[in-house]
């Protein structure tokens, strides 16, 4: 199913059936490796994370309105559309739960061109949030659908007391990794190219991202 599954938890549980929402970035090999490195303790205690997801399809305010800026068809706005991906990735990487959220929502324009006349923009185009996770890690999340020039940019920075990981979806198969425990003269970000069969395993036979997503969804459904 496409997110949001429902507007409230109670509404989502009304039918009493299992449903699946595809958070496709979890199957990107570079992010799967990032999760492994964090779980292995290569970053040590993760202190804070920065997640930014920017798109620009709403930047052209002369373009006709589509369903996403309409409250009746997409009430969560940018938080439910793209912040959901950024937050899901933070939770996936750390295997940790969010316990506290503070933030701000913003709509930059009040109206967009409609089929017959200008329509009110009733959902938010951008959001900023600070998350506290159960482990004490702090995550900052910033998303916008009006980031001019950014077509589909997801960036993640994970900072621990022993190392750092950097990811940029514009370089989908690459991961930046710094080992702060290495000798000082050897420290620096290394570029890891994550696309070989050794790193991808059996999943290396499938197309990146969506192929692995479909495989994982089917496997989980069969397992109940």
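In our numbering, the protein residues as written are -16 to 207.
Even glycine gets a Cβ: it sits at the ideal position worked out from N, Cα and C.
Every value quoted in this text rests on a predicted model; they were computed, and no experiment measured them.
Open item on the list: Using C-beta distances below 8 Å, list every residue in its chain close to residue 16, excluding the 5 sequence neighbours before and after it, in chain order.
Closed with: As a first step, residue 16 is located in the chain shown; it is residue number 33 there, counting from the start. 158, 175, 177, 182.
Task: Segment limits, beta strand (DSSP E) that includes residue 87 - done: Taking the first residue of the chain shown as 1, we reach residue 87 at position 104. Its beta strand (DSSP E) spans residues 81 to 89.
TODO: Quick one: grab the DSSP three-state call for residue 26.
DONE: Counting from one through the chain shown, the residue named residue 26 turns up at place 43. Residue 26 falls in the coil class under three-state DSSP.
Task: Local conformation of residue 165 per DSSP, three classes - done: To locate residue 165, count along the chain shown from 1; it is residue 182. Coil.
Open item on the list: With the cut-off set at 8 Å, would you say residue 40 and residue 138 are in Cβ contact?
Closed with: Looking up residue 40 in the chain shown gives position 57. Looking up residue 138 in the chain shown gives position 155. No, they are not a contact pair.
- [ ] Determine contact between the segment 29 to 43 and the segment 115 to 127, defined as no fewer than three beta-carbon pairs at a distance below 8 Å.
- [x] yes
- [ ] Count the other CB atoms, across all protein chains shown, that sit within 10 Å of the CB of residue 94; report buried if there are 16 or more and exposed otherwise.
- [x] On the chain shown, residue 94 is found 111 positions in, with the first residue counted as 1. The residue is exposed, with fewer than 16 neighbouring Cβ atoms inside 10 Å.
- [ ] Compare the beta carbon distance of residue 143 and residue 113 with 8 Å and say whether it is the shorter of the two.
- [x] Stepping through the chain shown from its first residue, residue 143 is reached at position 160. Stepping through the chain shown from its first residue, residue 113 is reached at position 130. In this structure, residue 113 does not lie closer than 8 Å to residue 143 by Cβ.
Task: DSSP state of residue -4 mapped onto helix, strand, coil - done: Taking the chain shown and counting its residues from 1, one reaches residue -4 at position 13. Three-state result, residue -4: coil.
Open item on the list: In the DSSP output, which residue or residues are listed as bridge partners for residue 208?
Closed with: Any answer about residue 208 is impossible in this case: the structure gives the chain only from -16 up to 207.
- [ ] Given a cut-off of 8 Å, decide if residue 11 and residue 69 are closer than it, judged by their beta-carbon atoms.
- [x] Counting from one through the chain shown, the residue named residue 69 turns up at place 86. Counting from one through the chain shown, the residue named residue 11 turns up at place 28. The answer is no: Cβ separation not under 8 Å.
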